[in-house]
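What follows is a short report on a single structure.
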Amino acid sequence: MLAVVPRLPSWLLAIPLRSATLPPATHTTCYLLGREQAIVVDPGSAYPGELARLRPAIHRLLGSGGALAAILLTHHHRDHVAGAATLALELRVPVIAHERTLARLALVGVRTRALGEGAQLALEPELALEVLHTPGHAPGHLCLFEPRERVLLGGDMVPGLGTTLVDPGAGEGDLATYLASLERLRALEPALILPAHGPPLAEGEAAIRRLIMHRLWREHRVEGALRLEPRDALALAREAYAELAPWQIGLALRSTLAHLEKLEREGRAAREGERWRRGVRAFR
Numbered sequence: 001m002l003a004v005v006p007r008l009p010s011w012l013l014a015i016p017l018r019s020a021t022l023p024p025a026t027h028t029t030c031y032l033l034g035r036e037q038a039i040v041v042d043p044g045s046a047y048p049g050e051l052a053r054l055r056p057a058i059h060r061l062l063g064s065g066g067a068l069a070a071i072l073l074t075h076h077h078r079d080h081v082a083g084a085a086t087l088a089l090e091l092r093v094p095v096i097a098h099e100r101t102l103a104r105l106a107l108v109g110v111r112t113r114a115l116g117e118g119a120q121l122a123l124e125p126e127l128a129l130e131v132l133h134t135p136g137h138a139p140g141h142l143c144l145f146e147p148r149e150r151v152l153l154g155g156d157m158v159p160g161l162g163t164t165l166v167d168p169g170a171g172e173g174d175l176a177t178y179l180a181s182l183e184r185l186r187a188l189e190p191a192l193i194l195p196a197h198g199p200p201l202a203e204g205e206a207a208i209r210r211l212i213m214h215r216l217w218r219e220h221r222v223e224g225a226l227r228l229e230p231r232d233a234l235a236l237a238r239e240a241y242a243e244l245a246p247w248q249i250g251l252a253l254r255s256t257l258a259h260l261e262k263l264e265r266e267g268r269a270a271r272e273g274e275r276w277r278r279g280v281r282a283f284r
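Sequential numbering from 1 applies to the sequence shown in my numbering.
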């Protein structure tokens with residue numbers, strides 16, 4: 001049975017750019033939003049020639065009397081920002097993002113403007129995008145929501161291909177925060193989700209619900225790998241992610257640590273040095 005490809009809104013153009021992202025994804029989808037006043041979202045490729053695939057769409061916009069207002073970054077990861085400075089300088093437009101994203105980037109010579117929760121991007125008389133701060137994958141992650149057609153531009157929050165890494169290292173990710181952000185997005189009941197990686201997702205609310213259920217199932221697997229005697233996180237990852245190939249275990253380890261930190265705060269896991277065991281609440 002052939003999968004149905006959802007129809008994209010007329011005010012949006014999706015342009016996948018090859019990027020240095022995590023497999024199985026090979027591209028980051030860059031979006032051009034708006035027809036009269038537009039923004040470019042996540043030009044994340046540093047590969048020669050990839051930005052050239054984006055320029056004709058921008059030139060058609062400018063040639064038809066439209067204007068490019070800004071480049072918006074959903075968050076600071078390289079596969080979302082690598083082409084932003086080059087494009088911003090070339091087109092003489094600012095880069096807009098959450099302040100925690102801008103603080104992590106070195107955008108030399110580029111005008112910047114911070115966006116936060118509750119801001120609105122009014123691109124056309126009937127096109128206004130709501131800005132949502134959705135941390136968990138990255139501290140400054142932003143999503144955009146168009147309420148009339150219930151379209152969610154989701155960045156890395158809800159992948160169309162592969163999985164979203166929640167990495168607790170260096171103040172990057174937090175699983176409890178990520179799940180709370182997903183619940184907030186689910187409550188919007190999006191009809192269509194436009195992810196940064198992979199195809200658009202129809203029935204967006206159901207897609208988010210399935211993602212939450214999968215994360216909680218994986219949490220159950222991690223908790224089930226805990227014993228009375230402490231074990232190192234790598235042993236736990238190999239048990240909780242037993243279906244993965246050996247080359248994938250490095251990413252699984254980082255995800256396992258995110259689960260363990262959440263379980264520790266909830267009293268269901270306890271840390272002893274670099275090892276982990278069952279927590280007090282696991283016996284209730």
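A virtual CB, placed ideally from N, CA and C, is assigned to each residue, including glycine.
Distance, glycine 116 Cα to valine 95 Cα: Answer to the nearest angstrom: the Cα atoms are 14 Å apart.
Buried versus exposed call for arginine 100 [16 or more other C-beta atoms within 10 Å across all chains shown]: Under this definition arginine 100 is a buried residue.
Residue span of the alpha helix (DSSP H) that contains valine 95, given as start and end: No alpha helix (DSSP H) holds valine 95; the beta strand (DSSP E) holding it covers 95 to 97.
Continuous beta strand (DSSP E) assignments of at least 3 residues falling wholly in the segment 7 to 35: Here the runs fully enclosed are 12 to 18, 27 to 33.
Contiguous alpha helix (DSSP H) assignments of at least 4 residues, all confined to the segment 163 to 196: Whole alpha helix (DSSP H) segments, 4+ residues: 175 to 187.
Local conformation of arginine 113 per DSSP, three classes: For arginine 113, the secondary structure class from DSSP, reduced to helix, strand or coil, is strand.
Residue from His220, Gln248, Arg254, Leu211 whose Cα sits closest to the Cα of aspartate 232: Of His220, Gln248, Arg254, Leu211, the smallest CA-CA separation from aspartate 232 is found for Arg254.
Where arginine 60 falls, given that 16 or more other Cβ within 10 Å makes a residue buried: It is exposed - the Cβ of arginine 60 has fewer than 16 other Cβ atoms within 10 Å.
Under 8 Å between C-beta atoms of arginine 227 and arginine 148: For the pair arginine 227 and arginine 148, the CB atoms are not nearer than the 8 Å cut-off.
When Val81, Thr163, Glu264 are compared against isoleucine 212, the one with the closest alpha-carbon: The residue with the shortest Cα to Cα distance from isoleucine 212 is Thr163.
Phenylalanine 52 versus cysteine 30: straight-line alpha-carbon distance, rounded: Looking at the sequence provided, one finds alanine at residue 52 rather than phenylalanine. Across the structure, alanine 52 and cysteine 30 are spaced so that their CA atoms are roughly 12 Å apart.
Pairwise C-alpha distance: histidine 76 and glycine 155: A straight line joining the alpha-carbon of glycine 155 with that of histidine 76 spans about 11 Å.
Buried or exposed (CB count within 10 angstroms, at least 16 for buried), glutamate 183: Of the residues assessed, glutamate 183 falls on the exposed side of the cut-off, its CB having fewer than 16 other CB atoms within 10 angstroms.
Sequence-distant residues of its chain with Cβ nearer than 6 Å to leucine 144 (five each side left out): Answer for leucine 144: Leu129, Leu153, listed in chain order.
From Arg215, Ile39, Arg35, Pro43, residue whose alpha carbon lies closest to that of histidine 27: Ranking Arg215, Ile39, Arg35, Pro43 by Cα distance to histidine 27 puts Pro43 first.
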